[in-house]
Structures are given as C-alpha cells and as structure tokens.
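In case it helps, UniProt numbering puts the sequence shown at residues 1 to 764.
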Amino acid sequence: GLFVTDYFTRTPRKLSPFRSFASIELFHFHIPEDTVIAVWNLITFKEQGGTFGDQCPDRSITVYFRSGAPSVINPLHTHFPRDTAVPGSFALTLTWTLPNRTTGVFNVTSPLPGDWFLAAHLPKDEGKISVKGLYEECQYLFQPQLIVQRLVNIPVLYPGHVTEQSMAPHNRSCLYKVFVPSYTSQVLVEVLRCRGAEGCPLWLRVRAKAPPLHNSTTLDCREHTPCQLAQDLPFWQHWYYVLVEKHPGVPGTVSFQVTVQLTDCSRPSLARPPFLPSSASMNMPHSFGSTGGLVLGDSPPPTSPNDTKHPVPIPVTSHAGERCWPVRPTLRNELDTFSVHFYIFFGPNVSVPPDRPAVFVINLLPVLDSGGVLNLELRLNVSSLCGENVTVFGCLNHEVPLTSGDNTSVTCETESLAGFLLSVNATASLSRLRIPYPQTGSWYLSLRSLCATEHGFEPCTNVTAEVYLRAYLSPCINDCGIYGQCKLLRTNNYLYAACECKAGWNGWGCTDNAEAFSYGFQLLSTLLLCLSNVMFVPPVAIAVRSHYLLEAAVYIFTMFFSTFYHACDQPGIVVFCIMEYDVLQFCDFLGSLMSVWVTVIAMARLQPIVKQASVLYLLGAMLLSMALQMDRHGLWNLLGPSLFALGIMAVAWTARTIRRRHCYPPTWKRWAFYLCPGALIAAAAVLLYAFVETEENYFYIHSIWHLLIAGSVGFLLPPRAKPSRRLGPLPRRKGCGYQLCVNEQEELGLVDPAVASINSICTS
1 GLFVTDYFTR TPRKLSPFRS FASIELFHFH IPEDTVIAVW NLITFKEQGG TFGDQCPDRS
61 ITVYFRSGAP SVINPLHTHF PRDTAVPGSF ALTLTWTLPN RTTGVFNVTS PLPGDWFLAA
121 HLPKDEGKIS VKGLYEECQY LFQPQLIVQR LVNIPVLYPG HVTEQSMAPH NRSCLYKVFV
181 PSYTSQVLVE VLRCRGAEGC PLWLRVRAKA PPLHNSTTLD CREHTPCQLA QDLPFWQHWY
241 YVLVEKHPGV PGTVSFQVTV QLTDCSRPSL ARPPFLPSSA SMNMPHSFGS TGGLVLGDSP
301 PPTSPNDTKH PVPIPVTSHA GERCWPVRPT LRNELDTFSV HFYIFFGPNV SVPPDRPAVF
361 VINLLPVLDS GGVLNLELRL NVSSLCGENV TVFGCLNHEV PLTSGDNTSV TCETESLAGF
421 LLSVNATASL SRLRIPYPQT GSWYLSLRSL CATEHGFEPC TNVTAEVYLR AYLSPCINDC
481 GIYGQCKLLR TNNYLYAACE CKAGWNGWGC TDNAEAFSYG FQLLSTLLLC LSNVMFVPPV
541 AIAVRSHYLL EAAVYIFTMF FSTFYHACDQ PGIVVFCIME YDVLQFCDFL GSLMSVWVTV
601 IAMARLQPIV KQASVLYLLG AMLLSMALQM DRHGLWNLLG PSLFALGIMA VAWTARTIRR
661 RHCYPPTWKR WAFYLCPGAL IAAAAVLLYA FVETEENYFY IHSIWHLLIA GSVGFLLPPR
721 AKPSRRLGPL PRRKGCGYQL CVNEQEELGL VDPAVASINS ICTS
C-alpha cells in the first residue's frame, strides 16, 4: 500500500512536581484513521537562568498515554472515592542520558484513531517554599513530538459482496476495511475459494477501529473449513479492519475471495440485504432511531470486468437478535462547562419489565466532555417490587449496548467488551458510578430485572421494577468536598477539571485522609499565625512613648491585616475572612514592607536634615503599592525598599559622623544593647523566611517570623529626643548674623533624656 507520513509537535512546557492532577502538564494529539504506526519522540531538557542546566540534579519524568480521554493517574497511591471506576493507561519513566538533555521514544503499532492525551510530571518534592528571585531555579522542560504513518486507499468491503484477491509471492498480507453501522449484532468475515501451494496457508485477523495486531482475533484457515470469523456485538459506527496474512515461507501465489456479512439485530433471521433502497435497508421501528453512518442500501461502486462480485447468502445464528432492543435516547441539557444533565423522556422513573431489558444511550461530545466526570445513579423504588426478591442490574458499556443473551447472566463483560456493573435491590436500593475523564461517544445503559432464588438468579414473572435513573456530567467528584477546590484547567484549546486538595487531604476527590490535618491541628496553626502578630504591641507602645505616631499607626495596620489575612489563608475549615482574600493579602504585604520602610527612615533621623521627611514616607507608600501590584512574591519587592531605606540611613549617619568627627551613634550602649541585637534578630527572621520555611513547617516557622520581625522593631526604633524643662529661651543677639544650636543629647542618641545633662552650644 501507499504510506503517508504526518508530523505533529507541541510547544515545550515547564514540568512541576506532582501534587494533584492540577499540577501536571497535559498534551493533546489527534491520530488520523488508517494509521499503522505512531511514534512519540519525548524530548526533555534542563534550563537554569536562561542557559542549559548542567548543574541541575537529575529528576525522573513520568509520562502517561491514553486514547480517547486524559489519563486518570495516581502516582501517590492514594484512595479513590467510593463507586469510582479508574480507567487504565500506560506509563513511561524517562531517565537522563546526557547532563542537560534526554530523549525517549514510545511506539504504538496500529493505534486507535482519534484523540490521544499525554500527561507528564516530576516526582513529588519536599514542598519547600522558596522566595521568588532568590536564586536561579532549575526548570525541566518537556516537548512531545508525534510522527504517524498511515495507509491510504485501503480497499473497502461491502457487505454481501465478494472481493477476489491474488497475493503475489513477495506480498505478505492484504488489508481491507468495512463500516459497521448502528444496530448491528454480528460481523461475519469469510475467506472463500482459497488456493495455494499448501492448501489455504492464510491467517484471518479482524479488529475494530484500527488495523489488526498479532493478538487480535485470529483464525487459521488451514485448520478451519469454512474459514469464517465472527465478531458478536461489534462496535457501532466504526470501521472494522480485516487482515488476510500469508503464512511465512509459503511459495507461489495464493488466490482467495473475501466477503463480509453484517447481521441486522432488528431482523435477527436475515442479514442486511445488499440491494434495497436506503430507506428500507435497515427496516427498523421508529424507536430505533436513525442508523447514520454508511448507507448500505446504496449500490456499490462499479466493478471492473475482471472482478466478480455477487451476493453470498450466509446463515445467521438466531441468538444474535436477542441482544438488540429499542434504545431510548436522552435529552442533553448543558448548564455550564462540564455541567450537563441527561434527561430521559417520560422519566426520571424508569420501568424495567421482566421479559426484556431497558436500554438508554448517553452521548458525550468529542473533546468537550472528556475532561469531566460521568456520574450515574440508580435508586430502586422498593414499593414497586410487590414483596418479590428482585435485583435490577445495570450494564454501562461504551459504543455498543450489552444485554445478556441468557436471563441469568449478571456480568457486563465478553471476550472483546468490558463494561461497568451496577445493581440495586430491596436491601441496597441505591447504587452510584463515577467515571473520571470518560471516553467520548455513545454510552449505553442496559437495565435488566432478575429474581434471586436458591439456584441463583432467574427471570421474574409479573413484576415490573421501577428505578429512578439520574445521569449527569460534573467537573469534579462531589465538587472536591470541603477540603478541596475544583479547578478548571486549559491546555491549548482543551478544557479539563481537577481537584486541588488542602489541609493534608489527598486523592482524586480529596477524600483520602491518611495525612489529613485534624481539627485541633488546624485550630492550633491558625491561632499561632494570628496571635503571633500580638508581638507588634510592644513596638507600638515604644513608638507611642517616643512620639513616633506615624510609625505606630503603620505597626497597628500591619498587625491588624496580618492577623486577619492568616485567619483567611488557612487551608482547612478553620477559616475566617472579613474581606476578600486578595484585599487582605495586599494589605498584609503592604503593611509588612511599610513597617520596614518607616523603621529604617526613623533610624536615619532625617528631621534636622530634611525638614519635610514625611515626603519619604508618602513616596515609600506609593512605590511599595506599585511594586506589590506588579508582583507580590518577588524578591526585590522586599529587598529593593529595604536597601533604599538602608542607603538613606547610611548617608545620614555618615554625614553626622563626618560633621562631628565621631562615630554615630557614639555610645557603645546603643550599639551593644539595641542596634546589634535588633540587626541579628532581623537577620535571623530573614534567613528563616528564605531558607527554612516549607509547607509542612509553615505554621510555626512563619509564626516565629512574626515574633522576630516585631521584636527587632522594638530594638531598632530610635528614641525621640525630649526638650528639658530647665532650659529657658536662649538669648538672641541683636544685629546681623545667625545662631546655630546643636542638641548634644539628640546627637548622642541616648534612650532616656533625663539621664544626661543637656547643653546647648550656640555659635554665631
């Protein structure tokens, strides 16, 4: 055949350590039909500070693959919520082959067509809280690339017609495909008039949706005569691929004929007639709905004179018709993103007769509905059982309804199908099923009532069970509960939802309490973070006593908003918010930075030098507000104003030292008992904040940060000079000139002005 190669790539993205599904990076691909091989090239590289991160540690990268919907992953081995079905996926771990780059390859032979999703993440870290911009962070970037090779012009088989084929010695196989419409109960493929050097040295393989593999349904034509391969309960509205493969080492040419017969389950005794008008080709009741897809009643394309194509009668087993019943549609009502309700006509109460199943279809739209959770709820009306021991079984299957051929079957599985089983009875009248990230397409729910006896389940007689049926699509499971937040995420044009848990809770629905914080622990952490701000009371008292009223107002502002910000910022249920969270956070950050600013400006003692020192306070408030609005977590939001204020203080102190020709402050007591301890306490607080704080120790390390910062302010805040009552008005000399008065007590920076004598030196 003729092969065509297609290439797809995605933009590199930064990977994050796994905490929940909200922290993974999701990539969406689309594989076309008739693809025989798909190769994913997985490129990963490190970056640090805009260059290659050769010094970054090697961290393993896990990649998940799934067809039809995103993978439901559980790398932390947490517990899923009750009644949750976990679909499978394939995982691959990448190891580093070079210091800053590695490449992995993942091949899929004959992949299923449609949507494919890749999810990638780093291992879970220790949860260290780092200050943004403090050091160059190691970044791990991941870029997947997809190369597909697909066949073109695959011959199409028409039901009831024979296709002749001669396989040359250098050919190994022949590939065909046939479309299976809705309400088809059986696909029968047969090889006729096979002639070769060793009888019929052919393998017959059949697979749905993609070309067959080595483990597909296979039949050896040398051992079976006639060579017929039947597929019961095929997938509706899909292509079925037929591969006729020659045994290895067979010489010469092998000629054969291949034909396909589809059984219409609405007419179990007959196969689909090949020459009927399209309106009569299905011959189904109106309750069956439209068949859609390929119209088999249309005439096949013209054939060449060398090919012989004619209808072939094939016997059809009668039991296949028992598996096809009228399908009741559901009404789709979209309320919001991933909030869809499926209403049943004349429902939601459903009557399940004893002699036949009740079948319903739920249609999920491609791409749009695969990022949520499909919820199904069955509630049995016990009063409708009339005292009988009735059990209603429900089978939920994808793309084809599964109703048991025998009345005693209580499974939802066959050799090629696997569904989800639900059951309700008088004892357990409620049953739920949740499927996160369901595959899109048609989901069929078949309800069947059976009576329990000593010999197992048997068909009921004259008992019609009534069941309340509810089906809906939601973003998350139970909205992630009280210890989680349901987040709507987007990757390119694809939307999906995931839970982000808090307070130590884990799991897909934030229901795993193995590491959860107790109520007492949550209350303790909240009280520590809030009450530690009371340490600002002593600095406020010192500031008021020293007549630093502006500084005292800033400290009160900081204490108030820091207390209520941390009361609102708690991850658990011990939460109290007096304002919006964003307002509280902004005021807390602004108060913290303003406290540093006004304290350092007060230490500079600019009033004798700059008469309008209040301009600096106002300028600092405006600049800090602007910086916090740009980036509240940046390193320079804290260092920039602090260094600028320290620079102003250093200039002021240097000017005094040069003018007085003596170190300022001049007393060793001021350095030993106030400045040095205050500076050490502030430095310890900064070190704890920048290098020690993690998510686990946040509540007590940050409380210590509050205590240390407030304590350092009490040491660093300078005393206010008070004029002595013994000093009268200085005599003013008449005539021209000026008078310069220097207050020695203010220059010395003494704590208590009553301790030292005050001398005013006036110079004209």
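Backbone N, C-alpha and C fix where the C-beta goes; we use that ideal spot for every residue, glycine too.
The stretch 465-479 makes no contact with the stretch 118-127: fewer than 3 CB pairs, one atom from each, lie closer than 8 Å. It is roughly 9 Å from the alpha-carbon of I147 to the alpha-carbon of T9. For Q522, the uninterrupted alpha helix (DSSP H) segment begins and ends at 519-531.
Rounded to whole angstroms, the Cβ separation of V242 and F256 is 12 Å, and the two are not in contact under 8 Å.
With a 10 Å radius around the Cβ and a threshold of 16 neighbouring Cβ atoms, V189 comes out buried. Within the same chain, W505 come within 7 Å of N513 by CB-CB distance, once the 5 residues on both sides are set aside.
It is roughly 40 Å from the alpha-carbon of I556 to the alpha-carbon of G49.
G640 sits in a helix when the DSSP states are folded into three classes.
Cα atoms of G591 and P438: separation of roughly 48 Å, rounded to the nearest angstrom. Here the alpha carbons of L141 and V361 stand approximately 42 Å from one another. The beta-carbon separation of E25 and A120, rounded to 5 Å, stays under the 8 Å limit for a contact. Nearest in C-alpha terms to T526, of all of N697, S339, Q570, F517, is Q570. R207 sits close to S216, with the two beta carbons spaced by under 8 Å. Beta-bridge annotation (DSSP): S703 is not paired with any residue. For W116, the uninterrupted beta strand (DSSP E) run begins and ends at 114-121, by DSSP.
Ranked by Cα distance from P329, the options L335, P348, D336 are led by P348.
Around the beta carbon of A710, a 10 Å sphere encloses 16 or more other beta carbons of the protein chains shown; the residue is thus reported as buried.
With 16 or more other Cβ atoms from the protein chains shown falling within 10 Å of its own Cβ, N425 counts as buried.
Separation of G572 and G634 (C-alpha to C-alpha, rounded to the nearest whole angstrom) is 26 Å. Note that the C-beta distance between C501 and Y519 is not below 8 Å. Apart from the 5 residues on each side of it in sequence, D54 sits with its Cβ closer than 6 Å to the Cβ of P99, N100 in its chain, given in chain order.
Residue state for F142 is assigned as strand, using DSSP reduced to three classes. Between L708 and T599, the C-beta spacing is not below 8 Å. For E454, there is no enclosing alpha helix (DSSP H), as DSSP marks it with neither H nor E.
Judged by DSSP in its simplified three-state form, D34 adopts coil rather than helix or strand.
Following the DSSP letters along the chain, one finds H566 inside the alpha helix (DSSP H) bounded by residues 549-568. In the DSSP assignment, W597 falls within the alpha helix (DSSP H) that extends over 581-604. Rounded to the nearest whole angstrom, the CA to CA distance from F345 to T511 is 35 Å. When beta bridges are read from the DSSP output, E245 appears opposite S173, W203. According to the DSSP assignment, M630 belongs to the alpha helix (DSSP H) that extends over 614-630. Using a 10 angstroms sphere on the CB of W443, the tally of other CB atoms reaches 16 or more, which defines it as buried.
Judged by DSSP secondary structure, L680 falls within the alpha helix (DSSP H) whose first and last residues are 676-687. Within the model, the alpha-carbon separation for H247 versus G199 is close to 11 Å.
The DSSP-derived three-state label of N74 is coil.
When the Cα atoms are used, A682 and S712 turn out to be separated by approximately 6 Å. Taking the Cα of Y468 as reference, the smallest distance to any Cα among T414, L376, F420 is reached at L376.
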